[in-house]
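Quick note: to get the working numbering, add 1 to the position in the sequence shown (first position is 1).
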Amino acid sequence: MLAVNPLAHTGARSEREADWAQAVVQVTSVEKGAMPEKTVNVDFPESTDERWLLSPKFEPGESGIWSLRHQTNLGPPPDARLALAPLDFQPSTQQRTIRRLLAK
2 MLAVNPLAHT
12 GARSEREADW
22 AQAVVQVTSV
32 EKGAMPEKTV
42 NVDFPESTDE
52 RWLLSPKFEP
62 GESGIWSLRH
72 QTNLGPPPDA
82 RLALAPLDFQ
92 PSTQQRTIRR
102 LLAK
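Printed below as a string of structure tokens:
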């Protein structure tokens with residue numbers, strides 16, 4: 002991961018706010034789908050509110066496997082790539098297992 006930057010907040014604030022941030026991720030391989038870019042932006046909630054507590058939180062220098070999704074009702078633009086659930090990020094050591102599961 003190259004960088005993590007907070008995203009600008011728009012609209013009213015609430016205690017359940019996701020406090021969105023964006024990780025700049027260097028792509029080294031794609032296990033499913035297509036990703037022609039060499040780097041991608043991944044939006045994730047930095048908040049530790051119970052709604053977002055289990056969402057992965059990223060730091061510069063991390064590496065691993067991302068399972069990205071689009072979801073339109075959470076605040077980021079509809080075309081944003083999101084990491085929201087605990088399984089959306091796995092350590093690189095799980096690559097063989099993930100490849101085996103995707104092959105089934």
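From the three backbone atoms N, C-alpha and C, an ideal C-beta is built for every residue, glycine too.
| Asked | Found |
| --- | --- |
| Buried/exposed call for V31, threshold 16 Cβ in 10 Å | exposed |
| Cα-Cα separation, W53 to E18 | 9 Å |
| Three-state secondary structure assigned by DSSP to Q96 | helix |
| When L3, D80 and G65 are compared against Q96, the one with the closest alpha-carbon | G65 |
| Alpha-carbon to alpha-carbon, T49 and L102 | 30 Å |
| Buried or exposed (CB count within 10 angstroms, at least 16 for buried), D80 | exposed |
| Buried or exposed (CB count within 10 angstroms, at least 16 for buried), S93 | exposed |
| 6 Å CB neighbourhood of V5 in its chain, flanking five on each side removed | A22, A24, F59 and P61 |
| Beta-carbon proximity check, A104 vs V43, cutoff 7 Å | no |
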